[in-house]
Amino acid sequence: MQRFLFFLLICFLSSAFSPAAYTWVAIGDSITYLNDHQEQTGNRVTKGYLTLVTEELPGIKYINQGHNGWTAGGIANKIEDLGLVKADVYSVFLGTNDWWQGRPIGTLADYRNNTGNNTFYGSYRIIIDKIRSLNPKAPILLMTPMQRVDFVYINNYKNNAYGSYKDKNGQSLAAFAEAIKAVGKHEKLPVVDLYNKSGMTLKNLVKFKRLKDPATGAYKNYPYPQFIHIPFNPETDEYPYPPEAIDMTYDGLHPSDKGYAIISRMVAGVMKKELKLKKAKAQ
């Protein structure tokens, strides 16, 4: 009997002092999606930022709402069909596909006036309004896109794109990051500024890009920015990012384990602070 009572006491104490369970809904594109689909990285990624954050903050469980290739406009358009649920904290990590697809950024007035899903700012208003309808008290973390160099999809070389070293449709990726920061400032939401403050830059996203020397036809390892003017033929050329080219990304766009570790540290730091504030307000 004494042993049974002792067991019950241990169970009670364990539950009483275990970390509070928080649910985190992470809305994003492929960088979020790949957390649970490492096979689509050629198994070059071990753990994504969602897993790493929940290891750093074990009282949190995540729901992955990353959608491969989607823009903020795509998320906003399907916002009622995604199965978003009430949670304790949300994050929104979008923008890189909006830039590549040439979506207009718009202005902060589009956000303030809720002008619809025709601009990047308008998309963010739809997304944030939906989150607040689910839980108006939940912290919302906004994450800017990372910088990117030439992307080549490891499973389909024809799926490729140039990096953020030049504009797309007359817009810079940096401008999309600034739009997210402007929304954060307007709404007093924390912003994880991966574009400017992560240390992931054009120079360290990959160690090199392996391409054919136009003069000799022999493969050569070109560091940034030398490779940006060297042609890549997806029909005939080898994959330009062998494992030894991996640095902050494994393909010029998507984070490697090294890159995901940086993202997770930044997200975990902000999330921990926001959840402490949430808990303090509730007491």
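Numbering (our numbering), first residue to last: 2 to 284.
In this text, a Cβ means the ideal position worked out from N, Cα and C, and glycines have one as well.
Go ahead and pull the three-state DSSP assignment for residue i.
i    : result
S92  : strand
I229 : helix
P244 : helix
K210 : strand
T250 : strand
Taking the straight line between their C-alpha atoms, what separation do you get for residue i and residue j?
i    : j    : result
V150 : P232 : 14 Å
P243 : V207 : 10 Å
Y50  : W101 : 23 Å
I181 : P215 : 40 Å
V193 : G185 : 10 Å
T202 : Y23  : 33 Å
L276 : N65  : 19 Å
D252 : A162 : 11 Å
K159 : Y125 : 30 Å
V90  : N222 : 43 Å
F228 : H68  : 30 Å
A178 : L254 : 15 Å
M272 : K48  : 19 Å
G117 : G107 : 11 Å
N114 : G123 : 8 Å
Y34  : I28  : 9 Å
S92  : T120 : 20 Å
E40  : L58  : 25 Å
L83  : S134 : 14 Å
K87  : T237 : 49 Å
K279 : P137 : 12 Å
D111 : T217 : 52 Å
K62  : G75  : 25 Å
Under 7 Å Cβ to Cβ from residue i, same chain only, skipping five residues before and after it: list those, please.
i    : result
N98  : D30, G70, W71, T72
M249 : M201, N205, L206, P256, S257, K259, G260
At which residues does the beta strand (DSSP E) containing residue i begin and terminate?
i    : result
N222 : 220-223
Could you pull the start and end residues of the alpha helix (DSSP H) that residue i belongs to?
i    : result
N197 : 195-198
I1   : The displayed coordinates of the chain run from 2 to 284. Any statement about residue 1 would go beyond what the structure contains.
Apart from the five residues just before and just after residue i, which ones in its own chain have a Cβ nearer than 6 Å to its Cβ?
i    : result
S165 : Q148, R149, L174
I155 : G43, D252
L190 : I141, L143
Note down, in chain order, each residue of its chain lying with its Cβ closer than 8 Å to the Cβ of residue i, except the 5 sequence neighbours on either side.
i    : result
E344 : Outside the displayed span of the chain (2 to 284) sits residue 344, for which this structure offers no information.
N153 : What sits at residue 153 in the sequence shown is Val, not Asn. Closer than 8 Å at the Cβ level, and outside the excluded window around V153, lie N160, N161, F233, P235, Y240, P241, Y242, D252, G253.
key: Inside the region 42-128 only - beta strand (DSSP E) runs reaching at least 3 residues   = 61-67, 90-94
ask   = Which ranges would you report for the beta strand (DSSP E) in the region 133-206 if only whole runs of at least 3 residues count?
value = 141-144, 152-154, 157-162
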